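Quick note on my numbering: the sequence shown kicks off at 647 and runs consecutively. Backbone N, C-alpha and C fix where the C-beta goes; we use that ideal spot for every residue, glycine too. Every value quoted in this text rests on a predicted model; they were computed, and no experiment measured them. Worksheet: the structure to be examined is printed underneath.
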Amino acid sequence: MKKLEQIYEGKAKKVYLTDNPDYVIVEYKDDATAFNGLKKGRILGKGVVNNRVSNHLFKLLESKGIPTHYVQEISDRETIVKRVEIVPVEVIVRNIAAGSLSKRLGIAEGTRLEPVVLEFCYKNDALGDPMINDYHVYAMKLATEEEIAAIKVISLKVNEILTEYMKETGVDLVDFKLEFGRFHGKIILADEISPDTCRFWDSKTGRKLDKDRFRMDLGDVEEAYADIMKRLLG
Ligand code: TMP
Ligand code: ASP
């Protein structure tokens with residue numbers, strides 16, 4: 647497949663057209679941002695880790711019946727994915743209180759959330775990705791009721807599959823963010839699932855093995871990313 651011109655550059659990835667109109671190539675960068683781009687830096691090797699970890703998890707999810715955009719990994723940093731129209735709604739699934747939920751609601755970090763908490767954010771950098779609910783989604787015509795129903799079912803199923811899988815590698819899946827796209831009229835899982843978009847805590851020690859090390863200046867960021875890749879890919 648031919649890599650043609652770049653059509654998009656985000657904070658962590660670039661997207662290129664290919665000679666197949668249904669497919670694009672994503673290229674993962676080492677650039678890291680936090681707090682809606684306020685904090686900027688680089689995590690050496692992050693692009694490789696996120697590409698390989700995300701592809702590994704997307705393949706696992708596909709094998710369990712979750713429809714995703716994954717097509718084929720073509721290099722350490724590049725993957726062919728289906729070209730989707732991104733639904734501008736970020737879905738956050740939370741098993742354990744942390745991050746913005748702990749801050750907003752005063753729930754101590756580490757508190758188990760039962761049932762699981764599902765949040766929506768409007769994907770809009772200029773507005774800082776504000777939290778919204780189903781009613782906002784429909785009033786703003788971001789997605790249909792049918793699409794939101796599918797998104798909720800898939801998100802909870804992804805949580806079940808990944809929670810169990812991560813547990814086997816000695817990692818607690820604290821929370822994560824998903825994005826969905828429309829491909830020939832159907833909702834499929836898109837974007838990435840990586841240490842940039844999840845909170846991973848070592849099950850025994852509680853050590854943070856994700857982007858929180860960068861957000862909170864905890865040090866050993868590269869080591870944490872490498873650790874997660876090693877646990878998942880051997
Ligand atoms: P939060 O606690 O900061 O709201 O983050 C919840 C989860 O979503 C966490 O796993 C990190 C992930 N996330 C992203 O992937 N992108 C973002 O822009 C933000 C704010 C969080
Ligand atoms: N991805 C977000 C940013 O741009 C924030 C985060 O991951 O914390 O800055």
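Straight-line Cα distance separating residue j from residue i
| i | j | result |
| --- | --- | --- |
| Pro776 | Ala796 | 22 Å |
| Glu838 | Ala680 | 16 Å |
| Val763 | Leu747 | 10 Å |
| Glu765 | Tyr781 | 13 Å |
| Leu864 | Arg853 | 10 Å |
| Leu650 | Leu684 | 31 Å |
| Lys832 | Ser849 | 36 Å |
| Lys857 | Val820 | 13 Å |
| Glu814 | Lys728 | 30 Å |
| Asp866 | Glu791 | 43 Å |
| Arg877 | Lys710 | 20 Å |
Nearest candidate by alpha-carbon position, reference residue i, set the options
| i | options | result |
| --- | --- | --- |
| Lys648 | Asp848, Tyr662, Val817 | Tyr662 |
| Ile732 | Leu747, His715, Ile738, Ser748 | His715 |
| Leu808 | Gly880, Asn741, Pro734, Gly687 | Asn741 |
| Val699 | Asn682, Ile653, Ser721 | Ser721 |
| Asn666 | Arg828, Ile800, Ile726 | Ile726 |
| Ala872 | Ala678, Tyr654, Lys692, Gly745 | Lys692 |
| Phe704 | Tyr811, Phe846, Leu855, Trp847 | Tyr811 |
| Leu773 | Gly756, Ile712, Asn682 | Asn682 |
| Val737 | Leu824, Met862, Leu878 | Leu824 |
| Val799 | Gly687, Ala658, Val739 | Val739 |
| Leu788 | Phe826, Pro761, Glu806, Pro734 | Pro734 |
| Gly816 | Phe846, Leu751, Glu806, Asp866 | Phe846 |
Contacting residues, own chain, Cβ-Cβ under 8 Å from residue i (five flanking each side not counted)
| i | result |
| --- | --- |
| Leu690 | Asp676, Glu868 |
| Lys660 | Gln652, Tyr654, Val672, Glu673, Lys675 |
| Val695 | Ser840, Pro841, Tyr871, Ala872, Ile874, Met875 |
| Ser801 | Val737, Val739, Leu764, Leu824 |
Any non-hydrogen atom of the ligand ASP within 7 Å of residue i CB
| i | result |
| --- | --- |
| Arg861 | yes |
| Lys857 | yes |
| Lys895 | Any question about residue 895 goes unanswered here, given that the chain covers just 647 to 880. |
| Ala680 | yes |
| Gly693 | no |
Simplified DSSP state of residue i, which is helix, strand or coil
| i | result |
| --- | --- |
| Phe881 | The structure shown does not extend to residue 881, since the chain spans only 647 to 880, so no value can be given for it. |
| Asp856 | coil |
| Arg729 | coil |
| Ile689 | coil |
| Gly745 | helix |
| Ala836 | strand |
| Arg723 | coil |
Other residues of its chain near residue i: CB distance less than 7 Å, five sequence neighbours each side excluded
| i | result |
| --- | --- |
| Ile794 | Asp780, Val783 |
| Ile778 | Phe766, Cys767, Tyr768 |
| Leu879 | Arg698, His702 |
Residue i Cβ short of 7 Å to the ligand TMP heavy atom set
| i | result |
| --- | --- |
| Phe826 | no |
| Gly687 | no |
| Arg853 | no |
Neighbourhood of residue i by C-beta, 6 Å cutoff - its chain only, sequence neighbours within 5 removed
| i | result |
| --- | --- |
| Glu724 | Ile671, Glu673 |
| Glu719 | Asn701, Thr725 |
| Lys657 | Thr679 |
8 Å Cβ cutoff, residue i in contact with chain B
| i | result |
| --- | --- |
| Glu724 | Absence of chain B from the displayed structure is noted, only one protein chain being present. |
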